[in-house]
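Peer 1: Before we start, here is the structure in question, set down as structure tokens.
Protein chains: 2
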Amino acid sequence: MNARFVPTKRTTLKRLASRASYDRKTIYEILDEAFICHVGFIDSDHPVVIPTTYGRRDDILFVHGSVASRLLRNLANQAPVCVTVTLLDGLVLARSAFHHSMNYRSVVVFGKASSVEDRNEKLDAVRIISEHILPGRWADVRKPNNAELQQTSVVKVPLIEASAKIRTGPPVDEKADYNLPVWAGVVPLSTVGRSPVADPRMPSYLQTPAYVQPDRFRQ
Amino acid sequence: MNARFVPTKRTTLKRLASRASYDRKTIYEILDEAFICHVGFIDSDHPVVIPTTYGRRDDILFVHGSVASRLLRNLANQAPVCVTVTLLDGLVLARSAFHHSMNYRSVVVFGKASSVEDRNEKLDAVRIISEHILPGRWADVRKPNNAELQQTSVVKVPLIEASAKIRTGPPVDEKADYNLPVWAGVVPLSTVGRSPVADPRMPSYLQTPAYVQPDRFRQ
Numbered sequence: 387m388n389a390r391f392v393p394t395k396r397t398t399l400k401r402l403a404s405r406a407s408y409d410r411k412t413i414y415e416i417l418d419e420a421f422i423c424h425v426g427f428i429d430s431d432h433p434v435v436i437p438t439t440y441g442r443r444d445d446i447l448f449v450h451g452s453v454a455s456r457l458l459r460n461l462a463n464q465a466p467v468c469v470t471v472t473l474l475d476g477l478v479l480a481r482s483a484f485h486h487s488m489n490y491r492s493v494v495v496f497g498k499a500s501s502v503e504d505r506n507e508k509l510d511a512v513r514i515i516s517e518h519i520l521p522g523r524w525a526d527v528r529k530p531n532n533a534e535l536q537q538t539s540v541v542k543v544p545l546i547e548a549s550a551k552i553r554t555g556p557p558v559d560e561k562a563d564y565n566l567p568v569w570a571g572v573v574p575l576s577t578v579g580r581s582p583v584a585d586p587r588m589p590s591y592l593q594t595p596a597y598v599q600p601d602r603f604r605q
Numbered sequence: 387m388n389a390r391f392v393p394t395k396r397t398t399l400k401r402l403a404s405r406a407s408y409d410r411k412t413i414y415e416i417l418d419e420a421f422i423c424h425v426g427f428i429d430s431d432h433p434v435v436i437p438t439t440y441g442r443r444d445d446i447l448f449v450h451g452s453v454a455s456r457l458l459r460n461l462a463n464q465a466p467v468c469v470t471v472t473l474l475d476g477l478v479l480a481r482s483a484f485h486h487s488m489n490y491r492s493v494v495v496f497g498k499a500s501s502v503e504d505r506n507e508k509l510d511a512v513r514i515i516s517e518h519i520l521p522g523r524w525a526d527v528r529k530p531n532n533a534e535l536q537q538t539s540v541v542k543v544p545l546i547e548a549s550a551k552i553r554t555g556p557p558v559d560e561k562a563d564y565n566l567p568v569w570a571g572v573v574p575l576s577t578v579g580r581s582p583v584a585d586p587r588m589p590s591y592l593q594t595p596a597y598v599q600p601d602r603f604r605q
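Chains as they are written, first to last, in our numbering: chain A, 387 to 605; chain B, 387 to 605.
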């Protein structure tokens, strides 16, 4: 597998090209860190963007949902799709309004979605999505039965055309503005987990597993 | 203005209808809390989803960017657009893999984007976006000059067709699964700000403004 994705017309940044990355490792790290993606598809000539969870196995993204959901119904049959993942890392405060920005890492994937029909591949995809969100959880839970698998649609999107866009660091101001008496810098933002809240219907003798402790969640 | 958006074919949830809301106040609160939206549009018959900041004035959403950006070029001229905002509130751990879920609040807006050409409305939109992200910041910074305004495209999307989808609370399991010895509950997730990092090029006598203190950022 190539270490870099080949830039295409769609994935070539026209502006701020220095923020672009086609490095496979960089792109996979962003995909592996986020919890949700935003999936774009076309329904009756109109764009639709739906947030959902996902998982990755090598160069394939998996998305799942109810067989009845608009998202999953639209994604079968080689539908063109755009999957975007965004990690917001900070607010960038410049001395001028114009140069305010954000620090972020985002990935945009263009491709065609196809439905996963094979039972074993479907089960594997569901496990991969679960382990993507919460590594270690799959071993503890009741696995999907046949009826549940039949109610679940899984689609896959091959990672062929993908790019990352990354901004880091302090603001960049106009030369003259550096003399202004305006506070400038970055407010770092993180997604963090807080103390897990046990289901009130759960018997109290069950111990809280390590994988839900807050230190496991910090983006 | 009606207190509720009128559900349309596109905004009517076919599944889990109990999670849907068309209440204007609920929808505005979600829009006002998030930092970024994901904008979907169609470019050469393919869906494209781009993360960006935004602002709201009453029943209008504003998005801005460089005049050269693909996003802004595509959003002018009444292009059909979908703007989605997602706040992730927690991971929901059920006893079965199938019933795992997330707690979230999301808004989906369908509409047509049009470009803001009037100089004063453009400046107002840029201020609204700034104040949406960081209330109080606008008063402190150098305002956009004419050249900067000319380099900035602003588009607006009227809030006519919008819906929210919200999940809260503990997992919901199959009756028989409540007897399983599996920890179940919710891991709450938040976006938090950390201590602001001053630009190394800033003179140290400038005080850190209150609006960048971490307690201002908690989603």
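Glycine included, each C-beta is placed from N, C-alpha and C at the ideal position.
1. Let me check understanding here. Comparing Cα to Cα, which of Gly-555(B), Gln-536(B), Pro-582(B), Ala-570(B) lies closest to Val-453(B)?
2. Quick one: measure Cβ to Cβ for Gly-497(A) and Pro-433(B), integer angstroms, because I've assumed they're closer than 8 Å.
3. Please identify, using Cβ separations under 7 Å, the residues of the region 528–562 of chain B that lie next to chain A, in order along the chain.
4. Starting from Leu-566(B), trace the beta strand (DSSP E) in both directions and tell me its first and last residue.
5. Which same chain residues, not among the five before or five after Ile-546(B), have their C-beta less than 7 Å away from its C-beta?
6. With distances taken Cα to Cα, identify the nearest neighbour of Pro-544(B) among Val-502(B), Ala-480(B), Thr-594(B), Val-568(B).
7. Nearest to Arg-410(B) by alpha carbon, out of Asn-388(B), Glu-419(B), Leu-402(B)?
8. For Ile-413(B), which residues from the same chain have a beta carbon less than 6 Å from its beta carbon, with the 5 sequence-adjacent residues on both sides left out?
9. What whole-angstrom Cβ distance do Val-541(A) and Ala-420(A) have, given they're in contact under 8 Å?
10. With 8 Å as the C-beta to C-beta threshold (strictly closer), list the residues of the region 388–414 of chain B near chain A in chain order.
11. Give the secondary structure of Ile-446(B) by DSSP, where H, G and I count as helix, E and B as strand, and everything else as coil.
12. Of the residues Ile-416(B), Ser-455(B), Leu-457(B), which one's Cα is nearest the Cα of Gly-441(B)?
13. Taking only three categories from DSSP, how would you classify Val-543(B)?
14. If you measure beta-carbon to beta-carbon, which residues of the region 577–588 of chain A are closer than 9 Å to chain B?
15. For Asp-563(A), tell me which candidate among Ala-480(A), Phe-391(A), Arg-580(A), Thr-577(A) has the shortest Cα-Cα distance.
16. With respect to the alpha helix (DSSP H) encompassing Asn-532(A), which residues constitute its N-terminal and C-terminal limits?
17. Flag Pro-521(B) as yes if its beta-carbon sits less than 8 Å from any beta-carbon of chain E, otherwise no.
18. Using a Cβ cut-off of 9 Å, pull out every chain B residue sitting near Arg-443(A), in sequence order please.
19. How big is the Cα-Cα spacing for Thr-335(B) and Val-469(B)?
20. For a quick check, are the C-beta atoms of Val-598(B) and Val-527(A) less than 8 Å apart?
21. Using a Cβ cut-off of 9 Å, pull out every chain B residue sitting near Ser-482(A), in sequence order please.
22. For a test of the three-state rule: what should DSSP assign to Lys-395(A), helix, strand or coil?
23. Along chain A, which residues have their Cβ under 8 Å away from the Cβ of Arg-456(B)?
24. Among residues of its own chain, excluding the 5 on either side of Met-488(B), which ones have a beta-carbon nearer than 8 Å to its beta-carbon?
25. Mind checking whether Pro-530(A) and Ala-570(B) have CB atoms under 8 Å apart?
26. Taking Gly-579(A) and Pro-574(B) to be in contact with their CB atoms under 8 Å, please state how far apart those CB atoms are, rounded to whole angstroms.
27. At the level of alpha carbons, what is the spacing between Ala-465(A) and Leu-458(A)?
28. Could you round the C-beta distance between Ser-581(B) and Pro-600(B) to whole angstroms and report it? I think they count as a contact, below 8 Å.
29. For chain A, check one thing: does any of its Cβ atoms lie closer than 8 Å to the Cβ of Tyr-440(B)?
30. Excluding five sequence neighbours on each side, which residues of the same chain lie with their C-beta closer than 7 Å to the C-beta of Cys-423(B)?
31. Look at Arg-405(B) and Ser-455(A) and say whether their C-beta atoms are less than 8 Å apart.
32. Can you list the residues of chain B that Ser-492(A) reaches, using a CB-CB cut of under 7 Å?
33. Please look up how many angstroms separate the CB atoms of Ile-514(A) and Arg-443(A), rounded, as I've assumed it's under 8 Å.
34. Taking just the CA atoms, how far does His-518(A) sit from Asp-559(A)?
35. Report the neighbours of Arg-516(B) on chain A: residues whose CB is nearer than 9 Å to its CB, in chain order.
36. Name, please, each residue of chain B whose Cβ falls closer than 7 Å to the Cβ of Ser-590(A).
Peer 2: Answer, in terms of the structure:
1. Proximity to Val-453(B) across Gly-555(B), Gln-536(B), Pro-582(B), Ala-570(B) peaks at Gln-536(B), based on C-alpha coordinates.
2. Incorrect: roughly 11 Å between the Cβ atoms, too far for contact.
3. Within the region 528–562 of chain B, the qualifying residues are Arg-528, Lys-529, Pro-530, Glu-534, Pro-556, Pro-557.
4. For Leu-566(B), no beta strand (DSSP E) run applies, since DSSP gives it neither H nor E.
5. Gly-497, listed in sequence order.
6. Closest option to Pro-544(B), Cα to Cα, is Val-502(B).
7. For the set Asn-388(B), Glu-419(B), Leu-402(B), the Cα lying nearest the Cα of Arg-410(B) is the one of Asn-388(B).
8. Taken in chain order, the residues that qualify are Val-493, Ala-548, Ala-550.
9. Not a contact, Cβ separation roughly 18 Å.
10. Listed in chain order, the positions of the region 388–414 of chain B with a beta carbon within less than 8 Å of a beta carbon of chain A are Arg-396, Lys-400, Arg-401.
11. Three-state result, Ile-446(B): strand.
12. Checked all of Ile-416(B), Ser-455(B), Leu-457(B); the closest Cα to Gly-441(B) is Ile-416(B).
13. The three-state secondary structure of Val-543(B), taken from DSSP, is strand.
14. From the region 577–588 of chain A, only Thr-577, Val-578, Gly-579, Arg-580, Ser-581, Pro-582, Val-583, Ala-584, Asp-585, Pro-586, Arg-587, Met-588 have a Cβ closer than 9 Å to chain B.
15. It is Ala-480(A).
16. Counting along the chain, the alpha helix (DSSP H) containing Asn-532(A) begins and ends at 532–537.
17. Absent from the structure is chain E; the protein chains it does hold are A and B.
18. Result: empty, since nearest Cβ-Cβ is about 17 Å, beyond 9 Å.
19. Since the displayed chain B opens at 387 and closes at 605, residue 335(B) lies outside it and no answer follows.
20. Their beta carbons are not under 8 Å apart, which means Val-598(B) does not touch Val-527(A) by this criterion.
21. The answer, in chain order, is Val-527, Arg-528, Lys-529, Pro-530, Asn-531, Glu-534.
22. Reduced to three states, the DSSP call for Lys-395(A) is coil.
23. Within chain A, the residues near Arg-456(B) are Lys-400.
24. Hits under 8 Å: Leu-474, Asp-475, Gly-476, Leu-477, Val-478, Arg-553.
25. Ala-570(B) is positioned such that its CB atom lies no closer than 8 Å to that of Pro-530(A).
26. Right, the Cβ-Cβ distance comes to about 7 Å (below 8 Å), so this counts as a contact.
27. Each residue's alpha carbon lies about 11 Å from the other.
28. Right, the Cβ-Cβ distance comes to about 6 Å (below 8 Å), so this counts as a contact.
29. Not closer than 8 Å to any Cβ of chain A, the Cβ of Tyr-440(B) fails to qualify, so no.
30. Correct list, in chain order: Thr-438, Tyr-440, Val-469, Thr-470, Val-471.
31. Contact flag unset, no.
32. For a Cβ distance threshold of 7 Å, residue set Pro-437 of chain B lies close to Ser-492(A), ordered along the chain.
33. Contact annotation, Ile-514(A) with Arg-443(A): C-beta distance approximately 5 Å; criterion of less than 8 Å satisfied.
34. One C-alpha to the other measures close to 39 Å.
35. One detail in the question is off: residue 516(B) reads as Ser in this sequence, not Arg. When 9 Å is used as the limit between beta carbons, Ser-516(B) is near these residues of chain A: Ala-483, His-486, in chain order.
36. None at all; the shortest Cβ gap to chain B is about 11 Å.
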